[in-house]
Amino acid sequence: MSRPRETILIWSPVERSAAGGVQRVVRRLVDHLGTGDAKVVTAWAEGARVEGESGVVLPLWVRPSAKRPLHLPSLAAAARLLARVRPDVVNVHFPTAGAWYFVLLKPLFRFRLVLSFHGSDLLRPLSHDEAFLPRLVAGADTITVVSDHLRGRLGELAHGAREVVSVPNGIDLGFWSPDAQISERDGPLLAVGRLEPVKGFDVLLDAVARVRAANPDARLDILGDGSQRGALEARAEALGIADAVAFAGDTDHATIRERLRRTRGFVLSSRSEGMPLSLLEAMACGAPSIATRVGGVEQVLAGHGLVVEPEDPADLAEGMETLLADPAAARARAARALAHAATFDERAANARYETVLLREASDTP
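Numbering (the numbering used here) for the sequence shown: 201 to 565.
Here's what the structure looks like:
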């Protein structure tokens, strides 16, 4: 008699229709698992349905200020989904307070719980999410992290014998690559990401204003959209750099790749990151890069790019000026970064997640 198929439930509290790194990691993992024998069910906490994508919407709320934080409708919704799916493993990507319901229901439905931390979920959680982190960590069977920095932070929370597995983010190296026919990098400086406070675009604009004082021809293109766009456009106007900064909005990957292949330099100004996909993609396209010293950035760059302090416009501006002043040195660093980026293959990341999940499925009571 053949062994029953493993059933894996993947839940994430992020908005599934947003263009974020967690969403991309989850979708690629689901696609990869779909090529095997396991049955995979995805559930998102919020967001409009994405064309061509299956999955359910499962918002899970807690009452953080209440004496009893349990939100009974959320508990019931989680229980109904678990009763229908009967997973061997539940894998939560970007754990927040809502994941507590899986900890509570695990003894009843007898599944294994894998928590996958990606960055701000561990480094800059909202206050009510942070209060639940010790309970989530204590209730997990295995935990995955995308960088060594996250592993260190997790060590401050984990007091049991929970296994922690490093699964560095990976990218599609066949897609994100240089174009040998482009010999000169003459495009504007480039930043890519969601226009949200955690990405530090306000700091970047302040830095650009400083750079423009010494380099009047310096320009910056920002690819991405988000809740802060209006405020950032107003800030650029107030700083007198509106003519030097272009907000392009959400952009398809092919266009991003083309811009990365031509830019004089890629800039990541984040206040928090786990292991930024945008930086990996820039490196894989041969773009000279500068990034803030947060999360797994130094692990990604490995000395092959400029690293500056977060929340410091002066330091970021100095780094950008260094990059612009010596293109030959920037190209040399970028060439080394390109070789290093080749070690971050999404196929290896997906296979690592699969190994963890199938191993946990085999250990289901």
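Backbone N, C-alpha and C fix where the C-beta goes; we use that ideal spot for every residue, glycine too.
My output table needs one value for V411: the three-state DSSP class, helix, strand or coil. Numbered from 1 along the sequence shown, position 211 holds the residue referred to as residue 411. Helix at V411.
Return the chain-ordered list of same chain residues with a C-beta closer than 8 Å to the C-beta of R462, the five sequence neighbours on each side being excluded. Reading the sequence shown from its first residue, position 262 is the one you call residue 462. I382, R385, D386, G387.
Pick out whichever of E215, R228, G449, V222 has its Cα sitting closest to the Cα of D545. Here the question's residue 545 lines up with position 345 in the sequence shown. It is R228.
Can we say the region 502-510 touches the region 443-456, given the rule of at least three CB pairs closer than 8 Å? no
Would you say T344 and D321 are within 8 Å of each other, going by their C-beta atoms? Residue mapping note: residue 344 aligns to position 144 of the sequence shown, counting from 1. Residue mapping note: residue 321 aligns to position 121 of the sequence shown, counting from 1. No, these two residues do not count as a Cβ contact at 8 Å.
Residues that DSSP places opposite N291 in a beta bridge: Your numbering for residue 291 matches position 91 in the sequence shown. I210, V314.
Smallest Cα separation from P476: which of G339, Q499, L313? Along the sequence shown, one-based indexing puts residue 476 at 276. Selected option, being the one with the closest Cα: Q499.
Own chain residues within Cβ distance below 6 Å of S202, not counting five before or after: Your numbering for residue 202 matches position 2 in the sequence shown. Because the pLDDT at S202 is just 46, under 50, the model does not fix this residue reliably, and the point stays unresolved.
Delimiting residues of the alpha helix (DSSP H) encompassing F332: In the sequence shown, counting from the first residue as 1, residue 332 sits at position 132. From DSSP, the alpha helix (DSSP H) with F332 extends over 327-339.
Proximity to G199 [Cα-Cα], best of P259, V222, V214: The structure shown has nothing for residue 199, since the chain only spans 201 to 565.
Just tell me which of R353, R471, L260, A283 has its CA closest to the CA of P273. Start at 1 with the first residue of the sequence shown, and residue 273 comes out as number 73. Of R353, R471, L260, A283, the residue nearest in Cα terms is L260.
Where the alpha helix (DSSP H) containing S274 begins and where it ends: The sequence position of residue 274 within the sequence shown is 74, counting from 1. Counting along the chain, the alpha helix (DSSP H) containing S274 begins and ends at 272-285.
Can you grab the Cα-Cα spacing for the pair F375 / P264, in whole Å? For the purposes of this step, residue 375 is taken as the residue at position 175 of the sequence shown. For the purposes of this step, residue 264 is taken as the residue at position 64 of the sequence shown. In a straight line, the C-alpha of F375 is about 43 Å away from that of P264.
Would you mind sorting E206 into buried or exposed? The rule is 16 or more other CB atoms within 10 Å of its CB. In the sequence shown, residue 206 corresponds to position 6, counting from 1. So E206 ends up on the buried side.
Output the residue ranges of the beta strand (DSSP E) runs that lie fully inside the region 488-525 and measure 3 residues or longer, sorted by chain position. 489-492, 506-508
Run through DSSP, which three-state label would G449 get? Here the question's residue 449 lines up with position 249 in the sequence shown. Here G449 sits in strand by DSSP.
Kindly confirm or deny that the region 534-549 and the region 432-439 touch, where touching means at least three C-beta pairs closer than 8 Å. Cβ pair count under 8 Å is below three, so no.
Cβ neighbours of A442 in the same chain (closer than 8 Å, five flanking residues each side left out): As a position in the sequence shown, residue 442 is number 242, starting the count at 1. Answer for A442: E433, A436, listed in chain order.
Please classify G352 as buried or exposed, where buried requires at least 16 neighbouring CB atoms within 10 angstroms. If you number the sequence shown from 1, residue 352 lands on position 152. Exposed: under 16 other Cβ atoms inside 10 Å.
Looking at L275: is its Cβ nearer than 8 Å to the Cβ of A299? Within the sequence shown, numbered from 1, the residue matching residue 275 stands at position 75. Within the sequence shown, numbered from 1, the residue matching residue 299 stands at position 99. For L275 and A299, no; Cβs fall outside 8 Å.
Using the beta-carbon count (16 or more within 10 Å), is T235 buried or exposed? If you number the sequence shown from 1, residue 235 lands on position 35. So T235 ends up on the exposed side.
So what's A431 in DSSP terms, helix, strand or just coil? Locating residue 431 in the sequence shown gives position 231, counting from the first residue. It is helical.
DSSP three-state assignment for T342, whether helix, strand or coil: Looking up residue 342 in the sequence shown gives position 142. Three-state result, T342: strand.
Give a yes or no on whether the C-beta atoms belonging to N369 and V225 are separated by under 8 Å. The residue you call residue 369 lines up with position 169 of the sequence shown. The residue you call residue 225 lines up with position 25 of the sequence shown. For N369 and V225, yes; Cβs fall inside 8 Å.
Quick one: is T455 buried, meaning 16 or more other Cβ sit within 10 Å of its Cβ, or exposed? Indexing the sequence shown from 1 puts residue 455 at position 255. Exposed, by the Cβ-count rule.
According to DSSP, is M201 part of a helix, a strand, or is it coil? Here residue 201 refers to the residue found at position 1 of the sequence shown. Unreliable placement is indicated for M201, whose pLDDT of 39 sits below 50; no coordinate value is reported for it.
I think A279 touches L313, with their Cβ atoms under 8 Å apart; what is that distance to the nearest whole Å? If you number the sequence shown from 1, residue 279 lands on position 79. If you number the sequence shown from 1, residue 313 lands on position 113. Their Cβ separation, rounded to whole angstroms, is 15 Å, which puts A279 and L313 out of contact at 8 Å.
Counting C-beta neighbours from all protein chains within 10 Å, is the total for D406 16 or more, i.e. buried, or is it exposed? What you label residue 406 is simply residue 206 of the sequence shown in a count that begins at 1. It is buried - the Cβ of D406 has at least 16 other Cβ atoms within 10 Å.
Within its chain, find whatever has a CB closer than 7 Å to the CB of K306; leave out the 5 residues flanking it on each side and keep chain order. If you number the sequence shown from 1, residue 306 lands on position 106. So the list reads L313, G339, once near-sequence residues are dropped.
For V367, which three-state DSSP category applies? Taking the sequence shown and counting its residues from 1, the one referred to as residue 367 is at position 167. Reduced to three states, the DSSP call for V367 is coil.
Below 8 Å on the Cβ atoms is my contact criterion, and I expect P334 with L357 to pass it. Report the Cβ-Cβ distance as a whole number of Å. The residue given as residue 334 occupies position 134 in the sequence shown. The residue given as residue 357 occupies position 157 in the sequence shown. Going by Cβ atoms, the distance from P334 to L357 rounds to 6 Å, so yes, they are a contact pair.
Within this structure, are the beta carbons of G426 and R394 separated by less than 8 Å? Position 226 of the sequence shown, counted from the start, is the residue given in the question as residue 426. Position 194 of the sequence shown, counted from the start, is the residue given in the question as residue 394. It is a contact, given that the beta carbons lie within the stated cut-off.
On the premise that V403 lies in contact with I422, defined as a C-beta separation below 8 Å, what is that separation, rounded to the nearest angstrom? The sequence position of residue 422 within the sequence shown is 222, counting from 1. The sequence position of residue 403 within the sequence shown is 203, counting from 1. That pair is no contact at about 13 Å.
Using CA atoms only, rank isn't needed, just tell me which of N291, L282, F317, K239 is closest to F309. As a position in the sequence shown, residue 309 is number 109, starting the count at 1. F309 has its Cα closest to that of L282, out of N291, L282, F317, K239.
Is the CB-CB distance between V262 and H328 below 8 Å? Along the sequence shown, read from residue 1 onward, the residue named residue 262 stands at position 62. Along the sequence shown, read from residue 1 onward, the residue named residue 328 stands at position 128. The answer is yes: Cβ separation under 8 Å.
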